[in-house]
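Undergrad: This is the structure I want to talk about, given as structure tokens.
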Amino acid sequence: MSALLEISGIGKSFGAVRVLSGISLAVSEGETLGLIGPNGAGKTTLFNVVTGFLRADAGQVRFAGAPVDRLPPAERAARGLVRTFQKAMVFPALSLRESLAMAARQRAGQGLRWLGARACHQESAARVERLLAESGLARHGGERMADLSYGEQRIADLLMALALEPRLLLLDEPTAGLSQAEAERLLGIVRRHDARTAIVLIAHDIDIVFNHCDRIAVMHLGQLLRTGTPQAVRQDAAVRAAYLGSLAD
Amino acid sequence: MGYAIVQTLNALSFSALLLLTGLGLSVVLSLMNFVNLAHGGFYLLGSYVAVLWLGSGAPWWLAFPAAFLAAGLAGAVLERFPFRRFYARPHLMQVLLTYGLSVIMADLMRWGFGAQILTPELPAALQGVVFLFDMPFPLYRLFLIGAGVALGLLLWLLLDRTLWGAVLRAAVTDRGIVETLGIDTRHLFAAVLVLSAGLGGLSGALGAGMLAAYPGLDEEVLILALVTVVVGGLGSFGGTVAGALVVGFALTFSKVWFPEFANVVAFSAMAGFLLLRPNGLIAPPLRQI
Amino acid sequence: MRDIPLSRAAPLAAALLALALAPLLAGAFHLRFLAEILLLGTAVMSLDLLVGLGGLVTLGHAALFGTAAYAAAIAALHLGGNLFLVLGAGTGAALLMAALMGVAIMRSSHLFLLILTLLLGQVAWEVAFHWREVTGGADGLRGLPPLSLGPWRLDGPRALFLLSGGLALAAYLLARSFADAPIGRALVGAREQPLRMSALGYSIPRIRFRAMLAAGGIAGAAGSLYPFLNLYVGPQSVHWSLSATMIIMLVIGGVGSLWGAFLGSAIYLALQTYVSAYTDRWQLFVGLVFVLIVLLLPRGLAGGLTGGLAGSLAGVLSRRGRP
Amino acid sequence: MDRLHRRKNLRTGNSAPPSAPHLAPGRRLVLGGIAATLAGLPPARPTLAQTTLAQPSLPQPALVQARPVRIGMITSLSGPFTALGESMRAGMQLLLAQSGHRLAGRPVEFLVEDDLARSEEGARKARKLIGQDRVDLLCGVISSGVALALRDVVTEARTPTFLLGSANDLARGAASPFIVRPTKTNWMLGTTAARWAHEKLSGARVLTVGSDYAAGREYIGDFAATYQQLGGRLGRQLWTPLGSADFGPLLTTIAAERPEAVYGFFAGSDAVRFLRQWKEYRLAGRVPLFGAGAFFDQEDVLPAVGDAALGALGTFHQSPTAPASAAFNQAYMATGKPLPGEFSTTGYVCGQVIRATLERADGDLADWAKACGALFSAPVETAFGTMPFDPRNGQAILDIHVNEVRRGEDGRMVNTVLHTYEKLRDPGPDA
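Protein chains in written order, with the working numbering: chain A, 53 to 301; chain B, 16 to 304; chain C, 158 to 480; chain D, 46 to 476.
Right, dumping it as structure tokens:
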């Protein structure tokens, strides 16, 4: 079975600074891949390249068997390659329900409808209510996003991504700034929603990564250091030296 | 031969005028992220001051510092209230506020200086002409080119090569850090605005010999300056220079080659250019995420 | 069925009542004046779709409005003043122009958009100003046939007022539905979090292009009737200074509140028409009013009114709620 | 000071008696007007103060003499023609002051509205003056675009109008039985310039350069047509957009063409810039310069260009050295104004024609056809000279002067009459 996402030979520089060099990586359907590495390793840049927010200098990205390098971010998202951002990016003036509806309508291909809006509203409503119920945020549905707590905003951010029914979800530090319990709750929502969704997870909390991921990729100074099962990675000498070592001491 | 040289000099002199007006605008835009549509008003005020000064019999060369001071003073007043409260606001609000102020300034100037077209009496030293291959070119325009180059250099040295300029650039990047050093950034920003307004007035004084002074000129100049700054790409000194050259040459040579359709050609060319390069000639590197 | 909230129904009812009563009470000049306010207000409201919802400030709106005006006038000169013909020609031309402006709005934003649309508007003005055989050049086109609908001539002030009122009302409902529809919400989303919107699979250029088409269509419909107020159309209706005037009207009325556009155009035109008879300094007056509104009521008079009303209402309720 | 007195339009000047301003019942205070308009309400009733101040409105014909005649003027008090509009108003105000604010025995109320040089604005102001202020007659307008926009408005309202724009069409296709035109058409100036050029330059190749808008096209087009008819040769025809900031490129092109003579038309700030740069590029004195109309306007252009226009020739229906305008010149300058130019004289002449119309109709314009007939029956003595009217289109038949810009005794530049073409009559509807 071929991989869902195939990255080969990605390189990227900002001016004289080489941020990514020769990254090759594959993610298969339903898999959860953890992406770790110290600050400045190039994890978020890799996300930006994969989702089309940055254009790579070299290399290729294939998603579901087709090259997506020339597609704009919106087009990639529409194909199921969905991401979140390091900081919760919510629409402060819209309510939680409206925000989720925005994602749900886009998924249904009705995001730019003008006339016959009533029908769109109703169609997306069911999916939105299901998401709200799953996440336990139903009672906040009518509140403006700006009025939600930070943890709730992060969950709302995730729910928007889930409303798109992603095939691959790229989560960029979804648990940063959250308590352990909140983080577990958030990842639980992802898993419960749809087990077939592949996930790439960037997180600084090593425990979370090792507990939730099937495989782990370690980045350091723009290069992919090692890919493997949590066990293998934990025991890798190079990884220890570059990254885990400081934690293990 | 002479024809081509003189037309090129025509373009250069107009570019110099655009540079002078554009610089004032781009200084506040690039350093303080403040859009000042009242800049045309500073320009026209400078023109009027210079016209009156040159007609008064006082030493002619003092007309330029006088125009700088008059416009700078107007800028200082407006900086205290209400510009200062709008530095952190979105561009739309700045555009609206300063546009309203420019309407008020324009009407006050019409009140004070009348609606007649006024022109300066240039000193004899600037009235001469040079002949290049038998084609006449006014000395005054050479003076404009010289002034444009000199002022551009001076400003660049001030902002790029002095401590004051360094502090200023630091304050733009991070206001907080500079304030912890005990520097009052409010004064710093006020000084930049006064400098920009003064530059507007100075360019008005220099440009009066070419464009005269009358109600409505402020708006015409403002648009040219805005186009210059935007075509150059916001927020860089080199961009404004490049923009002035592009706009000056486009406007001049469209008049040379298609006199009847000069504006259509020049505007379409600039619009087309902005469609192809939506961030202008020299866009500062920007990381969105 | 969704209920229409009272806050929305009340102004609607008031508008209908005013439309019905005005022709009985106002004189010929005032009716025509009101018609002008309504037509310009409609154009300003369409601008509000871009500025208020999308945060996209353009200086090219008069080009849409004026292109429609010229197209409608030219169609009427050659083919007669049938209302639907005129509306169709004007709106169609405006949509074409909006498609051109749409390319601009897809590609640029902020100050760049402002200048790009200014340049495009200037090109449109140059064409109207110089294409004498078709547009009459600086002198404009006069002697248009009056509007007609089958056997009825619609050239009296009352007919023009009712026509403009009907158009304004229809345009308001249309704009309202745009703002509430997925496309309107997407436009707000693209303003607030453009990156997030891209990540949700929304193509921001496509959202903006469609918004420009919607705004252009509405402005075009208003523009097509505009020449028939005076049976004349001139190049000033395309000039960027009319775009700037529209922005002023919008800000006075209140950015983001659709009905504020009508309030803004009424106040601006009334100032311009009445104050100028009393003092040469009327522009000073308009400038001061404008600056004061920007300083004190950033959400315009509409925002100030509803904010003030809602505020006082909330005050009353909370006082009552106390034991 | 009573606030009613400060309203600028009510009275024509300081010489007006301070008592008893004539307020018609329809006139309202600013706020009342705005409020009424916003609410779509009918005109408010006059307030108590206004009622007591106002003349009792008595519509009986016997008292028509006592009722004030209301004259509405539409002119540009902002926008590109501001200075011209102020001059036009000043000329009219001077005539009214000289007449003691009474014409044909009736007191005058003079209302001025600003058209911003925008057609739609002018049309709205005209409708306001007609529909709300109930003026008896209208006059004014600088911009021909505004004049053409007003044509149907005043014709439909059947309001007698003295219209001062100069587009040829105003005397031709756009002529109207309700419009009198006490000023020139562009054709009159363009064609006489061609005749003069033909007589004096004996077939020189003339390069034309013009501001590319309606008036420029007419001035240059009529010149070119007549000049070629007479057998003259034309050189290159150059056009430049209205509102050009820099004429350097154009003047360099002209210098490279080495023309035998240049005929041009510019107005306002364009004229000032063109002439100053004409001198800077050393074309002044080397190439004969012809022009027409506002290009060398005495009040608007000449004071701003120093001696740059010295020796230039222009055809114009106005000249400060024309004998007919001597009395007006003196009176105008006595109010502290400079030597008058076209629009101050036009404003004054317009007043003279309005006065003649009212006097010949015994102050009663109710029967406009009759009043108009009386006006057209005999010429009117004006500051433009003896002015007969063409009854076909209400267009004045004018003497056109060829002016040379000369240095006057006090050193200032003066448009000096060299020659006069008498009784120019626009082809009118026949054209």
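Where is the CB? At the ideal position from N, CA and C, for every residue including glycine.
Grab the span of the alpha helix (DSSP H) containing A:E225 for me, first residue to last.
TA: Position 173 of the first sequence, counting from 1, holds the residue named residue 225 of chain A. Per DSSP, A:E225 belongs to no alpha helix (DSSP H) and is neither H nor E.
Undergrad: From D:P87 to D:W413, what does the alpha carbon distance come to, in whole angstroms?
TA: Numbered from its first residue, the fourth sequence carries residue 87 of chain D at position 42. Numbered from its first residue, the fourth sequence carries residue 413 of chain D at position 368. Unreliable placement is indicated for D:P87, whose pLDDT of 40 sits below 50; the coordinate value is still reported in the next sentence. For D:P87 and D:W413, the distance between alpha carbons rounds to 29 Å.
Undergrad: Are the Cβ atoms of C:Y329 and C:L415 separated by less than 8 Å?
TA: Translated into positions along the third sequence, residue 329 of chain C becomes position 172. Translated into positions along the third sequence, residue 415 of chain C becomes position 258. A contact, by the Cβ cut-off of 8 Å.
Undergrad: Determine the contact status of C:A295 and C:L277, defining contact as a CB-CB distance below 8 Å.
TA: To locate residue 295 of chain C, count along the third sequence from 1; it is residue 138. To locate residue 277 of chain C, count along the third sequence from 1; it is residue 120. Result no, Cβ atoms of C:A295 and C:L277 do not sit closer than 8 Å.
Undergrad: Could you give the C-beta distance for D:L174 and D:A192, rounded to a whole number, given that I count them as a contact under 8 Å?
TA: Position 129 of the fourth sequence holds residue 174 of chain D. Position 147 of the fourth sequence holds residue 192 of chain D. Incorrect: roughly 15 Å between the Cβ atoms, too far for contact.
Undergrad: Give the interface partners of C:R438 over in chain B, defined as CB-CB distance under 8 Å, in chain order.
TA: Looking up residue 438 of chain C in the third sequence gives position 281. Neighbours of C:R438 on chain B, chain order: D122, W126.
Undergrad: Look up C:Y143 in the DSSP assignment and say whether it is helix, strand or coil.
TA: Outside the displayed span of chain C (158 to 480) sits residue 143 of chain C, for which this structure offers no information.
Undergrad: From B:T134 to B:L291, what does the alpha carbon distance come to, in whole angstroms?
TA: The residue labelled residue 134 of chain B in the question sits at position 119 within the second sequence. The residue labelled residue 291 of chain B in the question sits at position 276 within the second sequence. Near 40 Å, if we compare the C-alpha coordinates of B:L291 and B:T134.
Undergrad: State the CB to CB distance for the pair C:Y359 and C:A343, rounded to an integer number of angstroms; the pair is presumed to be in contact (CB under 8 Å).
TA: Position 202 of the third sequence holds residue 359 of chain C. Position 186 of the third sequence holds residue 343 of chain C. Indeed, because the Cβ distance is near 6 Å, the residues count as touching under 8 Å.
Undergrad: Just to confirm the assignment, what range does the beta strand (DSSP E) spanning D:Y272 have?
TA: If you number the fourth sequence from 1, residue 272 of chain D lands on position 227. Segment 259-274 is the alpha helix (DSSP H) holding D:Y272; no beta strand (DSSP E) there.
Undergrad: Using DSSP with H/G/I as helix, E/B as strand and the rest coil, what is B:N25?
TA: Within the second sequence, the letter at position 10 stands for residue 25 of chain B. Helix.
Undergrad: Just list the alpha helix (DSSP H) runs in the segment 205-275 of chain A, keeping only unbroken ones of 4 residues or longer that don't cross its boundaries, in chain order.
TA: Runs found: 232-245, 258-264.
Undergrad: Along the chain, where does the alpha helix (DSSP H) that runs through D:Y393 open and close?
TA: On the fourth sequence, position 348 is the one that residue 393 of chain D refers to. Here the alpha helix (DSSP H) through D:Y393 covers 387-405.
Undergrad: Whole angstroms is fine: what's the gap from D:M133's alpha carbon to D:S189's?
TA: Here residue 133 of chain D corresponds to residue number 88 of the fourth sequence, with the count starting at 1. Here residue 189 of chain D corresponds to residue number 144 of the fourth sequence, with the count starting at 1. Distance between the alpha carbons of D:M133 and D:S189 is about 15 Å.
Undergrad: Would you give the residue range spanned by the alpha helix (DSSP H) that C:Y359 belongs to?
TA: Residue numbering aside, residue 359 of chain C sits at position 202 when the third sequence is read from its first letter. Unbroken run through C:Y359: none, as it is neither H nor E.
Undergrad: Which residues in chain B sit within 7 Å of D:S477, going by Cβ to Cβ distance?
TA: Residue 477 of chain D is absent from the model: chain D starts at 46 and stops at 476.
Undergrad: State yes or no: is the C-beta of C:G485 within less than 8 Å of the C-beta of C:A229?
TA: Residue 485 of chain C lies beyond the residue range present for chain C, which begins at 158 and ends at 480; the question has no answer from this structure.
Undergrad: By the criterion of Cβ-Cβ separation under 7 Å, what are the contact partners of B:H106 in chain C?
TA: Position 91 of the second sequence holds residue 106 of chain B. Simply H267, L268.
Undergrad: Answer yes or no: does any C-beta atom of chain A fall closer than 8 Å to that of C:G460?
TA: Residue mapping note: residue 460 of chain C aligns to position 303 of the third sequence, counting from 1. It does not: the Cβ of C:G460 has no partner Cβ on chain A nearer than 8 Å.
Undergrad: Helix, strand or coil for A:S151 per DSSP?
TA: Counting from one through the first sequence, the residue named residue 151 of chain A turns up at place 99. In the structure shown, A:S151 sits in a helix (DSSP, three-state: H, G or I).
Undergrad: Exposed or buried, D:S64, counting other C-beta atoms within 10 Å across all chains shown (16 or more means buried)?
TA: On the fourth sequence, position 19 is the one that residue 64 of chain D refers to. With a pLDDT of 39 at D:S64, under the threshold of 50, the modelled position of this residue cannot be trusted; read the value that follows with caution. The residue in question, D:S64, is exposed, as its Cβ has fewer than 16 Cβ neighbours within 10 Å.
Undergrad: Show which residues of chain B have a CB atom less than 8 Å away from the CB atom of D:L295.
TA: On the fourth sequence, position 250 is the one that residue 295 of chain D refers to. Those are K270, P274, listed as they occur along chain B.
Undergrad: How about C:Q279: is its C-beta nearer than 8 Å to some C-beta of chain B?
TA: Translated into the one-based positions of the third sequence, residue 279 of chain C becomes position 122. So yes, C:Q279 belongs to the interface.
Undergrad: Kindly list, in the order they appear in chain D, the residues whose Cβ is closer than 7 Å to that of B:V21.
TA: As a first step, residue 21 of chain B must be located in the second sequence, where it is residue number 6. Neighbours of B:V21 on chain D, chain order: T297.
Undergrad: Is there a C-beta anywhere in chain A that falls below 8 Å from the one on C:R264?
TA: Translated into positions along the third sequence, residue 264 of chain C becomes position 107. Output row for C:R264: interface = no.
Undergrad: Does any C-beta atom of chain C lie closer than 8 Å to the C-beta of A:M271?
TA: Numbered from its first residue, the first sequence carries residue 271 of chain A at position 219. Taking Cβ atoms only, chain C never reaches closer than 8 Å to A:M271, which makes this a no.
Undergrad: When the Cα of A:A177 is compared with those of A:R159, A:R267, A:L106, which residue comes out closest?
TA: Here residue 177 of chain A refers to the residue found at position 125 when the first sequence is read from its first residue. Minimum Cα distance to A:A177 is reached at A:R159.
Undergrad: Secondary structure at A:R286, three-state DSSP: helix, strand or coil?
TA: Locating residue 286 of chain A in the first sequence gives position 234, where the first residue counts as 1. Note: A:R286 maps to helix in three-state DSSP.
Undergrad: Does D:G248 pass the burial test, meaning 16 or more other C-beta atoms within 10 Å, or should it be called exposed?
TA: The residue you call residue 248 of chain D lines up with position 203 of the fourth sequence. It counts as exposed.
Undergrad: Is B:F282 close to chain C? Criterion is C-beta to C-beta, closer than 8 Å.
TA: By one-based count along the second sequence, residue 282 of chain B stands at place 267. Output row for B:F282: interface = yes.
Undergrad: Suppose you measure from the CA of B:G56 to the CA of C:M369; what does that come to, to the nearest Å?
TA: Counting from one through the second sequence, the residue named residue 56 of chain B turns up at place 41. Counting from one through the third sequence, the residue named residue 369 of chain C turns up at place 212. Going from the Cα of B:G56 to the Cα of C:M369 covers about 32 Å.
Undergrad: So with CB distances below 7 Å, who are the chain C contacts of A:R157?
TA: On the first sequence, position 105 is the one that residue 157 of chain A refers to. Result: P339.
Undergrad: For B:N48 and B:Y102, what's the separation of their Cα atoms in angstroms?
TA: Translated into positions along the second sequence, residue 48 of chain B becomes position 33. Translated into positions along the second sequence, residue 102 of chain B becomes position 87. Between B:N48 and B:Y102, the C-alpha separation is close to 7 Å.
Undergrad: Measure the CB-CB distance between D:P365 and D:P348 and report whether it falls below 8 Å.
TA: Taking the fourth sequence and counting its residues from 1, the one referred to as residue 365 of chain D is at position 320. Taking the fourth sequence and counting its residues from 1, the one referred to as residue 348 of chain D is at position 303. Result no, Cβ atoms of D:P365 and D:P348 do not sit closer than 8 Å.
Undergrad: A:R206 and A:T249 look like a contact to me (Cβ under 8 Å); what is the Cβ gap, rounded to whole Å?
TA: Working through the first sequence from its first residue, we reach residue 206 of chain A at position 154. Working through the first sequence from its first residue, we reach residue 249 of chain A at position 197. At roughly 18 Å, the Cβ-Cβ gap does not stay under 8 Å, so A:R206 and A:T249 are not in contact.
Undergrad: Taking B:F29 as the query, report the chain F residues whose CB atoms sit under 9 Å from its CB, ordered along the chain.
TA: The structure shown contains no chain F; its protein chains are A, B, C and D.
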